[in-house]
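For reference, the structure is listed below as structure tokens.
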Amino acid sequence: MIYPNKNIKLQDSIIFKMIKLLQNNDSRIDIHNLYSNTIKDFNSIDEFILSLDVLYILDIIEIDFPTETITYVNRNTV
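Counting in our numbering, the sequence shown runs without a single skipped number right up to 756 at its last residue.
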């Protein structure tokens, strides 16, 4: 489920679904709004949370739990 293999198609893998979370244009977004915007891309909330976990571990996002917001790290702004 996390990565594609002969039984799991690329489109069904968490690695592919993480891209949907990265397509957000804001540098900071509320977790609830992000889920509302991407709910159609995930089969369950578990996939959404797992995607956030992997992005956090890779240091691509920071999560502020008291304010429930996500900040994208190293997002180049021009």
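Backbone N, C-alpha and C fix where the C-beta goes; we use that ideal spot for every residue, glycine too.
Going by beta carbons, I692 and S722 fall outside the 8 Å limit.
Rounded to the nearest whole angstrom, the CA to CA distance from I707 to L699 is 11 Å. Here DSSP, grouped into helix, strand and coil, assigns Y734 to helix. In the three-state reduction of the DSSP assignment, I680 falls in the coil class, being assigned neither a helical nor a strand state. Here the C-alpha atom of N685 lies approximately 15 Å from the C-alpha atom of F694.
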